[in-house]
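Report on the structure given below.
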Amino acid sequence: MNAYSLPDLMKNIVVLISGRGSNLRSIVQASVAQQWPARVAAVVSNNPQAAGLEWAGQQGIATHVVNHKAYADRPAFDQALAQVIDPYQPALVVLAGFMRILTPEFVAHYAGRMVNIHPSLLPHFPGLHTHRRALEAGHREAGATVHWVTPELDHGPTLAQARVPVLPGDTEETLAQRVLQAEHELYPRAIGELLAQL
Ligand code: GRF
655 MNAYSLPDLM
665 KNIVVLISGR
675 GSNLRSIVQA
685 SVAQQWPARV
695 AAVVSNNPQA
705 AGLEWAGQQG
715 IATHVVNHKA
725 YADRPAFDQA
735 LAQVIDPYQP
745 ALVVLAGFMR
755 ILTPEFVAHY
765 AGRMVNIHPS
775 LLPHFPGLHT
785 HRRALEAGHR
795 EAGATVHWVT
805 PELDHGPTLA
815 QARVPVLPGD
825 TEETLAQRVL
835 QAEHELYPRA
845 IGELLAQL
């Protein structure tokens with residue numbers, strides 16, 4: 655056996671994004687620094703303008719755009735998305751700021767191998783505007799949750815959470831920034847632990 659016939663033992667991760675991609679960045683950086691038995695093989699975005707796509711391309715990671723605006727309905731979009739993802743045979747599909755609601759069929763197709771990060775301490779504040787809602791509710795603590803993706807939005811079983819304090823004088827922006835920083839530590843850690851079990 656020579657180097658060319660060694661089996662490829664690296665698992666594939668496919669990351670779905672819609673925008674900035676700062677969580678994507680923390681995951682890619684951790685995968686390299688910590689020598690995970692997995693690589694981010696591809697980044698897929700529904701938004702052609704997503705800043706994370708450009709960054710991923712600069713890292714030599716395959717990038718794809720599946721623009722939801724080009725599809726008649728959710729099932730058609732989700733089918734096109736799966737057609738891009740499946741050739742990578744991903745051990746994990748990682749949603750990192752992916753702002754589309756997924757069909758039950760798509761979720762079922764990736765059951766047990768699709769995770770999401772949500773910027774609240776679920777079960778508090780599923781959906782949008784989590785920081786504003788945490789402030790309005792007078793919560794003293796905020797945070798982020800990594801969870802399995804199930805058909806109900808932001809409701810799958812929790813894998814890990816990070817907590818941060820809500821400080822006097824916090825605005826939506828200052829709280830969002832503190833939570834995001836915690837996300838950048840939480841998401842790679844949760845994925846690293848998950849990979850060890852897969
Ligand atoms: C994060 O706050 C994440 O929790 C939420 O969307 C945001 C994505 O940020 N789902 P980024 O694109 O990873 O910078």
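Each residue of the sequence shown is one higher than the last, beginning at 655 in my numbering. Glycine included, C-beta positions come from ideal geometry on N, C-alpha and C. On a predicted model such as this, the values are computed, not experimentally measured, just so you know.
Please indicate yes or no: does the CB of A796 lie closer than 6 Å to some heavy atom of the ligand GRF? Every heavy atom of the ligand GRF is 6 Å or more from the Cβ of A796, so no.
inquiry  = Give me, in chain order, the residues of the same chain whose beta-carbon lies closer than 6 Å to that of G711; leave out the 5 immediate sequence neighbours on both sides.
reply    = T717
- Task: Can you tell me which of the three DSSP states W709 falls into?
- Result: helix
Assuming H772 is part of the beta strand (DSSP E), what are its boundary residues? From DSSP, the beta strand (DSSP E) with H772 extends over 768 to 772.
Cβ-Cβ separation, L829 to H785 (assumed contact under 8 Å), whole Å: 5 Å
In this structure, how does DSSP classify V719 when only helix, strand and coil are distinguished? strand
Separation of L756 from R728, as counted between CA atoms
Going from the Cα of R728 to the Cα of L756 covers about 7 Å.
- Provide the residue span of the alpha helix (DSSP H) that contains I739, from first to last. Counting along the chain, the alpha helix (DSSP H) containing I739 begins and ends at 728 to 739.
Rounded Cβ spacing between S672 and F752 (contact assumed at less than 8 Å) | 5 Å
Checklist line | Proximity of T799 and H778 at Cβ, strictly below 7 Å | finding: no
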